[in-house]
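Counted the way our numbering counts, the sequence shown spans residues 269 to 682. Backbone N, C-alpha and C define an ideal beta-carbon position, used for all residues, glycine too.
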Amino acid sequence: MSYNERTFRQTALPSFAHLRRLTDDTGLLEHALGRIPRRREGYTTDDNARALWTATEWLSFGERTIGAENAAELGRLADVYLAFMLWAQEDGGWFLNNFAYDRTLEPEEISHDCQGRSIWACADAWIRLEGPRRETARTIFERSLPTFGRIESLRGQAFAMAACAHVLEASRDGAIDLPLDVKSEMRHHLERLEAVLCQAYRNFSAPDWRWFEPAMTYSNGVLPWAMLRTYRFTKRPETYRVGIESLAFLVEAMTAEEGWLRPIGNEGWCTNDSGEVSRWDQQPLEMFKLALALEEAAAVERLVEHEDARLVGSARGHGAGDSSADRGSRRPAVLGRSALEDGFVLGEGQHCSYGALRDMCRDWFYGANDLRVPVADRRDGSCCDGLTPYGPNINCGAEAALSYLMTEALCLRK
């Protein structure tokens, strides 16, 4: 049975009812039994950072797209998530992650993944939210600056790197005011983290393993996404090459023989020594992060096309014999033009652009998956926690719901 996108494509906006259901006056609760919040499991800063990012993403479309009622509700939810982030941050800038339902801190070590994710969410909120919310997000973000050089996990570093590029780009474009000392610090961290991620890729990549680590585990799409998001600002050829190559490798690992996409299962992941890709248990988060990387690749594609058009115009102005336009080009030559024009070939010779692949990530939620069953419900915005050999996990917690809502938002961008 081959993949047919027309069977699964949805058009209406999803509801935010389940997101409201999981959110109380403290923040977003982590788990659910079915669709009912499990208060005993408490809250995580991880999920509240994701929720802030999700609210920011949807609010960025404006009332004309999402409607006045949704905009007002998402604004109220963003306030709750910002308040949680403000509460969870220590004086030194680190975010505590796990809290019980009675608002007491649970014993834990600092999560560097959580730190990077929280930094990104607050940077994005600072840049894209409106009114007083922006200043709150800015304050939280600036308090986190002393931690940038101490984040050690690769995904945490990727988020922090992307946040630096996001903030510097927004400053360059006049969207935010960035003091010179902060701008200098951001550039330093961006260059350092860019080098760290590129080195990680050089350390582990091989002709048959184009990845940053010896295993593809969870939240994989964050790594190529961060490289491509950073390339948009720095224009470093190696960053571009690593982003495109690793994304292509991830798409290959996440493609079923029949042509649809499937998450790398957390039952056994995918390692470079075996080459086997675990099929179960499939997590919605992996589809969101792949969609995120694909949307970023599409943005890079548009950027490169725009620069090519500009350079062609410049070359015409200088005359055919003048090479100054070529000297001014910042487009990397590492993969050649086909890397952007040809997209990917999936199953049975199907050709897919980055945008088409991104939309296939959304289709997975509606039944374009191994079991041909929907895992998300557009009517309330809920999503099953995973896909097992026996069917969907009927519990609909925070991470799954946010993964679904973010994937929908990414596919709404055109």
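| query | result |
| --- | --- |
| Nearest neighbour of Glu298, chosen from Arg332, Glu337, Ser283, Phe367 [CA to CA] | Phe367 |
| Burial state of Leu448 (16 or more Cβ within 10 Å) | exposed |
| Cβ-based burial, Arg406 [other Cβ within 10 Å; buried from 16] | buried |
| C-beta atoms of Val510 and Met495 nearer than 7 Å | yes |
| Separation of Arg307 from Tyr672, as counted between CA atoms | 22 Å |
| Inter-residue Cα distance where the pair is Val464 and Ala317 | 24 Å |
| Straight-line Cα distance separating Arg402 from Arg332 | 21 Å |
| Gly360, enclosing beta strand (DSSP E) - first and last residue | No beta strand (DSSP E) contains Gly360, which DSSP labels as neither H nor E. |
| Nearest candidate by alpha-carbon position, reference Arg500, set Arg396, Arg371, Gln550, Glu563 | Glu563 |
| Of the residues Gly343, Arg385, Asn637, the one placed nearest Phe363, counting alpha carbons only | Arg385 |
| Beta-carbon proximity list for Ala356, same chain, < 6 Å, skipping 5 on both sides | Thr313, Phe363, Leu364 |
| Cα-Cα separation, Arg245 to Leu558 | Only positions 269 to 682 of the chain appear in this structure, which leaves residue 245 out of reach. |
| Asn366 - DSSP class collapsed to helix/strand/coil | strand |
| Cross-strand partners of Ala644 (DSSP beta bridge) | Cys651 |
| Residues bridged to Gln550 [DSSP beta-bridge criterion] | Leu655 |
| Euclidean distance between Cα positions of Arg411 and Gly360 | 7 Å |
| Simplified DSSP assignment, three categories, for Pro660 | strand |
| Entirely enclosed alpha helix (DSSP H) segments - the region 278–357, minimum 4 residues | 285–290, 313–327, 331–334, 336–356 |
| Boundaries (first-last residue) of the alpha helix (DSSP H) holding Leu397 | From DSSP, Leu397 is part of no alpha helix (DSSP H); its letter is neither H nor E. |
| Environment of Arg681 [buried if 16+ CB atoms lie within 10 Å] | exposed |
| Helix, strand or coil at Leu373 [DSSP, three-state] | strand |
| Nearest-angstrom Cα separation, counted from Gly442 out to Gly533 | 42 Å |
| Contacting residues, own chain, Cβ-Cβ under 8 Å from Thr324 (five flanking each side not counted) | Ala346, Ala389, Asp392, Ala393, Arg396, Leu397 |
| 4 or more residues per run - each alpha helix (DSSP H) lying fully within the region 420–507 | 422–440, 448–472, 490–502 |
| Selected residue, minimal CA-CA separation from Thr322, among Ala636, Arg288, Leu491 | Arg288 |
| Residue from Ala483, Phe633, Asn488 with nearest C-alpha to Trp528 | Phe633 |
| Residues near Trp300 by beta carbon distance below 7 Å, same chain, minus five either side | Looking at the sequence provided, one finds Ala at residue 300 rather than Trp. Around Ala300: Leu290, Arg306, Asn663, Cys664, Gly665. |
| Opening and closing residue of the alpha helix (DSSP H) in which Asp627 lies | 622–633 |
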